[in-house]
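K.L.:
Can you read through this structure? Questions will come right after.
Number of protein chains: 2
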Amino acid sequence: MNKEQVLSIVQENLPHAIEKLKQYLRFPTVSAQHKAIPETVEYVVKMIHEVGGETKVLDNLGGNPVVYAFFAAGSEGDASKTILFYDHYDVQPPEPFHEWNTEPFDPTIIDGKLYARGAADNKGDLVARLTAIQILQQQAGGLPCNIKFLIEGEEEIGSPNLEPYLRAYKELFQADACIWEFGGKDENERISMVAGIKGMAYLELTCVGAEIDMHSSVGAYVDNAAWRLVQALATMKNQQNEILVEGFFDGIEEPTADEKKVVSELPFSEEATAALYGLKRPLITAASQVDPREAMVFHPTMTICGLDSGYTGEGAKTVLPKSAKAKLDCRLVPGQDPQHIMSCIEHHLEKHGFTDITVTMINGQKAYRSDFHHPFVTHVLDTARVIYDHEPVLSPNAAGTGPMYIFGEQLKLPVVSTGVGWVGCKVHAPNESIRLKDFEEGIAHMVVMLSGFAKALSK
Amino acid sequence: MNKEQVLSIVQENLPHAIEKLKQYLRFPTVSAQHKAIPETVEYVVKMIHEVGGETKVLDNLGGNPVVYAFFAAGSEGDASKTILFYDHYDVQPPEPFHEWNTEPFDPTIIDGKLYARGAADNKGDLVARLTAIQILQQQAGGLPCNIKFLIEGEEEIGSPNLEPYLRAYKELFQADACIWEFGGKDENERISMVAGIKGMAYLELTCVGAEIDMHSSVGAYVDNAAWRLVQALATMKNQQNEILVEGFFDGIEEPTADEKKVVSELPFSEEATAALYGLKRPLITAASQVDPREAMVFHPTMTICGLDSGYTGEGAKTVLPKSAKAKLDCRLVPGQDPQHIMSCIEHHLEKHGFTDITVTMINGQKAYRSDFHHPFVTHVLDTARVIYDHEPVLSPNAAGTGPMYIFGEQLKLPVVSTGVGWVGCKVHAPNESIRLKDFEEGIAHMVVMLSGFAKALSK
């Protein structure tokens, strides 16, 4: 099928797909608030059965159920090749409600956009993928390969229970390649995909100086937990934003020349970024003459996400705080280990005399980067070129984080993330939406991608 | 009158004084919450009239009214000498209510202690002073000198309107010496008095990096306001707690040898201090081999009272904060100027490249230290020896702050602070109380002090 044929078939199936998605979006599946889990799972299972898949609802290892789905290759398909889709049925909390222009769980179409919590992240993607499967099943010879799904219900709370399921059901989820949950178009309407993800060591540093808050006049002789924390942090990164913790960069896998080339060609506008966030200072990469694209993809970070000590209200309170806390988010690249990062920071603090500062790991995940030359990666990119009007963009890894490493480690497969979002879809924010045009093209891309999947992998 | 005679007369007057104080304490005069101001002023005026004083309620210069009181010297008194008492009729907010064992505005006597918000700070002192005056007026010949009061209603919110009143009514409040509002007994039952007070530059440092909070993944190239603030603060004080801001120590008046001697003899126990606050680290004066007493009285401080940036709740939120704030309390000694301190910090930040950090003055007050050899200072100390069982302690200045400099500057008089509190009276906290024994002795001390005041100043 060529582009026009595919899009024509997708358009025929679109009204039904949109109705199905709207129904799915009516479930307020907020994992952080334990809402609507069983009924959403039931609906997901129903959608899969409707398009001819079989399911297993896995719920014996804790947390919200993980839905497994399987669609067998058709009579003319290649049953020796299997693709796995990773999705999640849970969504972010909708709060603050007053900032929504429509009801977050009453999906509403306005000007070609479908508004609802979860439309972009990631209910729209699951329905797009199931619709692509339905379209392929209507073709003579059926599905071109085996298709599996792993649909979890705790992505929005950090996938705390995913690893045990993947380890226990490794055989069940075994596949040759994986399509990850998200993706979409950038400011220039280019579909933006990634073949990997950064890791994370999200740490909390706590300094306790005393059992009670004190009157600040005792600052003449009592040590101050807030000053201690400030001094400690200042030894970890210098004013040039260089991370000074020994061992922090241990094990980092150098990107290949090809990966570097791809990244150097990623679209990026310093002006647009500065305008988007209202930045008051130049990018930190300017001083070090580093390409911000390279920093985004290949460099680990150490970001203070929060500082908290003593009195933070209006005006003056003369207190010498008993304690001080910092939240530190280290984004990691392949080869770095969150536990090792934590140890390095602990050793650093000890070496600098800050034995009164404790470090707690809040979230630790390794990075994952697929082989950029894997035929699957090339195939997803090539088929995107068939459907999308603009040249697609594929980055070796995202700047963000997700549980991709667990898939890579357990299933040993290449992963590409692509989806039906766009830069303005307000993921995690009020007025989340997808554009129906992107939804349509996303279905079409999956139709084409799945059609040639087995052949691409057999090359 | 000797000690026994004085205490006997005080005891006669005590029941009436306690009733008067309880009535005064029933007004919930919380200046921060604009509560009960007019009715409290009316009651203060009534108390003054009852013991033969005349009053003016000054309210033409903004803020809560300032009550002026005047008691003329008796027929045998010395009308050429005038003493001024500084008090305030406002109190701290009583919150948190659930931590009170009694109602904060329903004064309750339990085991010789009178519990109520304001009992120690400073309603008890005003009633003690008025009771001493009443006792002296019952003696043949009446009051031994002229007595004035300045009773303000905004001390607990930083006396923001006091200076204009003192400047405009300089003549009205003119006196030869001043008794300040507070004081009380230490852990060893010694009455602890001060002849001065530290100043303050309470500053807020703000770094704004962007107009909106960002996803922390952009930390690879976007500068971070929290890191900027941490780095800036770390240049202002080193790990040895030395203040590194150029000009910070400008103009400091060296304490005299006598003042140093007195301070070196102040009671202080490092163990007791560590136990009181539950300190986790040694005093900062230990490393520099400074006497903590000397640091408390003679050294300026730079204390972080608060740090605030980004996400400070439970767990992880992956945010790159748009801004970061620090509250900085610099306690100043005589000769230092809060405005100069602020300028020095601004210059320091500029010199170190932190032009993106702004400094705001929240509270600026100069220090004040009376001539330690002034006959008035000696007289207050000597008369304390008459009444109190234990050797009194008089420090050149307190570690805390108050509007004493305004009095010193406008009225050019020596000031000593003493009162009816004790170390356990929980000023500003729930279950504030005074011990009735301290109240009684405080009245007696004022009777003896006033009796010999004119003669002491004529020496």
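Residue numbers (our numbering), protein chains in the order written: chain A, 1 to 459; chain B, 1001 to 1459. Where is the CB? At the ideal position from N, CA and C, for every residue including glycine.
Which partner residues does Asp1087 of chain B have in the DSSP bridge list?
P.N.:
Position 87 of the second sequence holds residue 1087 of chain B. The partner list for Asp1087 of chain B (beta bridge, DSSP) reads B:Ile1151.
K.L.:
Say whether chain B places a C-beta atom closer than 9 Å to the C-beta of Leu394 of chain A.
P.N.:
The residue labelled residue 394 of chain A in the question sits at position 394 within the first sequence. Cβ-Cβ to chain B under 9 Å: no for Leu394 of chain A.
K.L.:
Opposite Trp1180 of chain B in the DSSP bridges: which residues?
P.N.:
One-based indexing of the second sequence puts residue 1180 of chain B at position 180. Answer is B:Ser1417.
K.L.:
Determine the DSSP secondary structure at Gln1033 of chain B, reduced to helix, strand or coil.
P.N.:
As a working note, residue 1033 of chain B is residue 33 in the second sequence. Helix, per DSSP.
K.L.:
In chain order, what residues of the stretch 410 to 434 of chain A put their CB closer than 7 Å to some CB of chain B?
P.N.:
none
K.L.:
In chain A, which residues lie less than 8 Å from Pro1292 of chain B when you measure between Cβ atoms?
P.N.:
For the purposes of this step, residue 1292 of chain B is taken as residue 292 along the second sequence, with counting starting at 1. Within chain A, the residues near Pro1292 of chain B are Ala220 and Tyr221.
K.L.:
Quick check: is the beta carbon of Gln23 of chain A nearer than 9 Å to any beta carbon in chain B?
P.N.:
Along the first sequence, read from residue 1 onward, the residue named residue 23 of chain A stands at position 23. No, because no Cβ of chain B sits closer than 9 Å to the Cβ of Gln23 of chain A.
K.L.:
Residues of chain A with CB closer than 8 Å to the CB of Asp1356 of chain B, please, in chain order.
P.N.:
The residue you call residue 1356 of chain B lines up with position 356 of the second sequence. Here the neighbours are Lys280 and Arg281.
K.L.:
Mind listing which residues of the stretch 1377 to 1394 of chain B have their C-beta closer than 9 Å to chain A's C-betas, in chain order?
P.N.:
none
K.L.:
With DSSP as the reference, identify every bridge partner of Val57 of chain A, one or two as the case may be.
P.N.:
Position 57 of the first sequence holds residue 57 of chain A. Per DSSP, A:Val67.
K.L.:
Could you name the residues of chain B that His299 of chain A contacts, counting a contact when the two beta carbons are closer than 7 Å?
P.N.:
Counted from its first residue, the first sequence places residue 299 of chain A at position 299. The answer, in chain order, is Ala1220.
K.L.:
Who are the Cβ neighbours of Phe1085 of chain B in its own chain at under 6 Å, not counting the five residues just before and after it?
P.N.:
The count along the second sequence starts at 1 and reaches residue 1085 of chain B at position 85. Cβ neighbours of Phe1085 of chain B beyond the five flanking positions: Arg1129, Phe1149 and Ile1179.
K.L.:
Can you list, in chain order, the residues of the stretch 1094 to 1107 of chain B whose Cβ is nearer than 9 Å to any Cβ on chain A?
P.N.:
none
K.L.:
Could you give the C-beta distance for Gly158 of chain A and Asn363 of chain A, rounded to a whole number, given that I count them as a contact under 8 Å?
P.N.:
Taking the first sequence and counting its residues from 1, one reaches residue 158 of chain A at position 158. Taking the first sequence and counting its residues from 1, one reaches residue 363 of chain A at position 363. Indeed, because the Cβ distance is near 6 Å, the residues count as touching under 8 Å.
K.L.:
Looking at chain A, is there any beta carbon in it that lies within less than 9 Å of the beta carbon of Pro1267 of chain B?
P.N.:
Residue 1267 of chain B sits at position 267 when you count from the first residue of the second sequence. Cβ-Cβ to chain A under 9 Å: no for Pro1267 of chain B.
K.L.:
Figure out for me which residue from B:Asp1250, B:Pro1038, B:Gly1124 and B:Tyr1388 has the closest Cα to the Cα of Ile1345 of chain B.
P.N.:
Stepping through the second sequence from its first residue, residue 1345 of chain B is reached at position 345. For Ile1345 of chain B, the nearest C-alpha among the options comes from B:Asp1250.
K.L.:
Just the Cα atoms here: how many angstroms apart are Ile1110 of chain B and Ser31 of chain A?
P.N.:
Residue numbering aside, residue 1110 of chain B sits at position 110 when the second sequence is read from its first letter. Residue numbering aside, residue 31 of chain A sits at position 31 when the first sequence is read from its first letter. Distance from the CA of Ile1110 of chain B to the CA of Ser31 of chain A, rounded to the nearest whole angstrom, comes to 53 Å.
K.L.:
Chain A beta carbons: is any one of them nearer than 9 Å to that of Gly1306 of chain B?
P.N.:
Counting from one through the second sequence, the residue named residue 1306 of chain B turns up at place 306. Closer than 9 Å: yes.
K.L.:
Tell me, which residues are paired with Arg1435 of chain B by DSSP?
P.N.:
Walking along the second sequence from the start, residue 1435 of chain B turns up at place 435. Arg1435 of chain B pairs with B:Lys1113.
K.L.:
DSSP on Ala132 of chain A, reduced to helix/strand/coil?
P.N.:
One-based indexing of the first sequence puts residue 132 of chain A at position 132. DSSP places Ala132 of chain A in helix when its eight states are reduced to three.
K.L.:
Return the chain-ordered list of same chain residues with a C-beta closer than 7 Å to the C-beta of Ser335 of chain A, the five sequence neighbours on each side being excluded.
P.N.:
Indexing the first sequence from 1 puts residue 335 of chain A at position 335. Note that residue 335 of chain A is Gly in the sequence shown, not Ser. Answer for Gly335 of chain A: Gly251, Ile252 and Glu253, listed in chain order.
K.L.:
Taking 6 Å as the limit between beta carbons, can you name the residues of its chain near Arg1293 of chain B, skipping five residues before and five after?
P.N.:
Walking along the second sequence from the start, residue 1293 of chain B turns up at place 293. For Arg1293 of chain B, where only same-chain residues beyond five positions count, the Cβ hits under 6 Å are Val1263, Leu1266 and Phe1268.
K.L.:
Within the chosen definition, does the stretch 215 to 232 of chain A reach the stretch 301 to 320 of chain A through at least 3 CB pairs nearer than 8 Å?
P.N.:
In short, these stretches touch, since the Cβ pair count reaches three.
K.L.:
Could you check whether the stretch 316 to 325 of chain A touches the stretch 210 to 218 of chain A, counting it as contact only if at least three pairs of C-beta atoms, one from each stretch, sit closer than 8 Å?
P.N.:
yes
K.L.:
In chain order, which continuous runs of the beta strand (DSSP E) of length 3 or greater are located wholly inside the stretch 1341 to 1383 of chain B?
P.N.:
1357 to 1365
K.L.:
Using a cut-off of 8 Å between C-beta atoms, extract the partners of Val1319 of chain B located in chain A.
P.N.:
Position 319 of the second sequence, counted from the start, is the residue given in the question as residue 1319 of chain B. Per Cβ cutoff of 8 Å: Cys305 and Gly306.
K.L.:
Threshold first: 4 residues or longer. Then list the alpha helix (DSSP H) segments lying entirely within the stretch 217 to 305 of chain A, N to C.
P.N.:
Counting only unbroken stretches of 4 or more residues, the alpha helix (DSSP H) elements lying wholly within the stretch 217 to 305 of chain A are 225 to 234, 257 to 264, 270 to 277, 284 to 287 and 292 to 298, in sequence order.
K.L.:
Buried or exposed, going by whether 16 or more other CB atoms sit within 10 Å of the CB of Lys185 of chain A?
P.N.:
By 1-based counting over the first sequence, the position of residue 185 of chain A is 185. Lys185 of chain A should be labelled buried.
K.L.:
For a contact meaning CB atoms closer than 8 Å, what does Asp90 of chain A contact in chain B?
P.N.:
Numbered from 1 along the first sequence, position 90 holds the residue referred to as residue 90 of chain A. Simply none; closest approach about 16 Å.
K.L.:
Can you tell which of B:Pro1094, B:Ala1132, B:Arg1385 and B:Val1066 has the C-alpha that lies nearest to the C-alpha of Pro1164 of chain B?
P.N.:
To locate residue 1164 of chain B, count along the second sequence from 1; it is residue 164. Pro1164 of chain B has its Cα closest to that of B:Val1066, out of B:Pro1094, B:Ala1132, B:Arg1385 and B:Val1066.
K.L.:
Rounded to whole angstroms, what's the CA-CA distance from Cys330 of chain A to Val359 of chain A? Just pull it up for me.
P.N.:
Translated into positions along the first sequence, residue 330 of chain A becomes position 330. Translated into positions along the first sequence, residue 359 of chain A becomes position 359. Looking at the two C-alpha atoms, the distance is approximately 13 Å.
K.L.:
Would you tell me roughly how many angstroms separate the C-alpha atoms of Val222 of chain A and Thr1273 of chain B, rounded to the nearest one?
P.N.:
Mapped onto the first sequence, residue 222 of chain A falls at position 222. Mapped onto the second sequence, residue 1273 of chain B falls at position 273. The straight-line gap from Cα to Cα measures roughly 9 Å.
K.L.:
Please state if the CB of Ile1147 of chain B and the CB of Ile1133 of chain B are separated by a distance shorter than 9 Å.
P.N.:
For the purposes of this step, residue 1133 of chain B is taken as residue 133 along the second sequence, with counting starting at 1. For the purposes of this step, residue 1147 of chain B is taken as residue 147 along the second sequence, with counting starting at 1. Yes, the Cβ-Cβ distance between Ile1133 of chain B and Ile1147 of chain B is below 9 Å.
K.L.:
Counting along the chain, where does the alpha helix (DSSP H) carrying Ala1398 of chain B start and finish?
P.N.:
Indexing the second sequence from 1 puts residue 1398 of chain B at position 398. Unbroken run through Ala1398 of chain B: none, as it is neither H nor E.
K.L.:
Under a Cβ-count criterion, where at least 16 other Cβ atoms within 10 Å of its own Cβ denotes burial, should Lys461 of chain A be classed as buried or exposed?
P.N.:
Missing from the structure shown is residue 461 of chain A; chain A here goes from 1 to 459 and no further.
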